[in-house]
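What follows is a short report on a single structure.
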Amino acid sequence: MGRGRLQLKRIENKINRQVTFSKRRAGLLKKAHEISVLCDAEVALIIFSTKGKLFEYSTNSCMERILERYERYSYAEHQVLASETESTGSWTLEHAKLKARLEVLQRNHRHFMGEDLDSLSLKDLQNLEQQLDSALKHTRSRKNQLMHESISVLQKKDRALQEQNNQLTKKVKEKEKALAQQAQREQQDHALDSPVILPHNLPSLDINGSYQARHDGHDYGENLTHPRAGTLLPAWMLRHLN
116 MGRGRLQLKR IENKINRQVT FSKRRAGLLK KAHEISVLCD AEVALIIFST KGKLFEYSTN
176 SCMERILERY ERYSYAEHQV LASETESTGS WTLEHAKLKA RLEVLQRNHR HFMGEDLDSL
236 SLKDLQNLEQ QLDSALKHTR SRKNQLMHES ISVLQKKDRA LQEQNNQLTK KVKEKEKALA
296 QQAQREQQDH ALDSPVILPH NLPSLDINGS YQARHDGHDY GENLTHPRAG TLLPAWMLRH
356 LN
């Protein structure tokens with residue numbers, strides 16, 4: 116049969132305990148040296164016997180440097196753990212505060228909506244009524260202010276549109292007046308350029324400015340101041356005749 120697993124417990128016999136300590140100590144120091152050499156690790160081993168005697172091993176005999184490194188690491192790890200613990204505690208407390216505040220806000224909102232009023236006392240209901248009255252006054256004041264501002268903006272737009280309308284009306288009248296004057300000038304120019312009908316037998320004009328009529332080869336000897344109808348005469352000649 117195989118050997119069973121030995122139960123670890125304190126050796127009662129003092130001599131046997133001392134012998135076992137010496138053997139195990141030597142083996143532990145040997146293993147520390149081996150792991151330091153084989154794995155290129157920094158190893159520090161400290162052993163105190165029952166009588167308080169110190170046995171130690173350190174890589175390259177640098178026990179103080181290894182212990183200093185251990186202290187720095189232990190301190191940093193302790194700070195990180197403490198910070199995490201403090202941060203966790205802070206977040207837990209903050210979460211509890213925010214949760215309580217949210218519950219209060221939700222309860223007040225229900226009260227403002229007229230719900231869950233059975234749990235309120237007379238004083239609480241009076242305070243709620245005052246808050247609602249104050250909120251209603253502020254709401255009406257803000258609404259009136261916005262209405263006045265809107266009316267003022269619309270009045271400004273109305274005045275601007277009226278001014279634009281007046282300007283457009285003035286421009287239309289000026290345009291109509293200019294078109295009427297242009298049409299009148301065109302009519303005058305057309306009247307001046309149109310031919311005028313004169314008599315068929317145009318009388319001759321003597322040196323003294325009188326006309327002598329001839330008809331069928333005979334001279335009548337009378338002075339004419341106006342031409343007879345039936346003959347075309349330019350307009351500029353008519354001005355001289357008149």
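Be aware that the sequence shown starts at 116, since it is given in the numbering used here, and climbs by one per residue.
Here a beta-carbon is modelled for each residue, glycine too, at the ideal position from N, C-alpha and C.
Keep in mind it's a predicted model, so treat the numbers as computed, not measured.
Nearest residue (CA-CA) to residue i, options the options
i	options	result
E183	E157, Q194 and N128	E157
S173	G167, K166 and I162	I162
R379	K252, K292 and S164	Limits of the chain in this structure are 116 at one end and 357 at the other, which puts residue 379 out of reach.
N175	V152, G167 and V287	V152
Cβ-based burial, residue i [other Cβ within 10 Å; buried from 16]
i	result
H380	The shown model of the chain, from 116 to 357, leaves out residue 380, and the question about it has no answer.
T135	exposed
R329	Residue placement at R329 cannot be trusted, given a pLDDT of 46 that sits under 50; the coordinates are not used to answer.
N323	Note that N323 has pLDDT 47, beneath the 50 cutoff, so the model's placement of it is unreliable and the number below is only indicative. By the 10 Å Cβ count, N323 comes out exposed.
I130	exposed
Residue range of the alpha helix (DSSP H) that includes residue i
i	result
A141	K129 to C154
Residue interval of the beta strand (DSSP E) (run including residue i)
i	result
E171	L169 to S173
I126	I126 -> no beta strand (DSSP E), and no H or E assigned at all.
L160	A159 to F163
9 Å Cβ cutoff met for residue i and residue j
i	j	result
L160	L143	yes
L240	F227	no
M178	E171	yes
I126	R132	yes
M231	R222	Correcting the residue type first, residue 231 is Asp in the shown sequence and not Met. Result yes, Cβ atoms of D231 and R222 sit closer than 9 Å.
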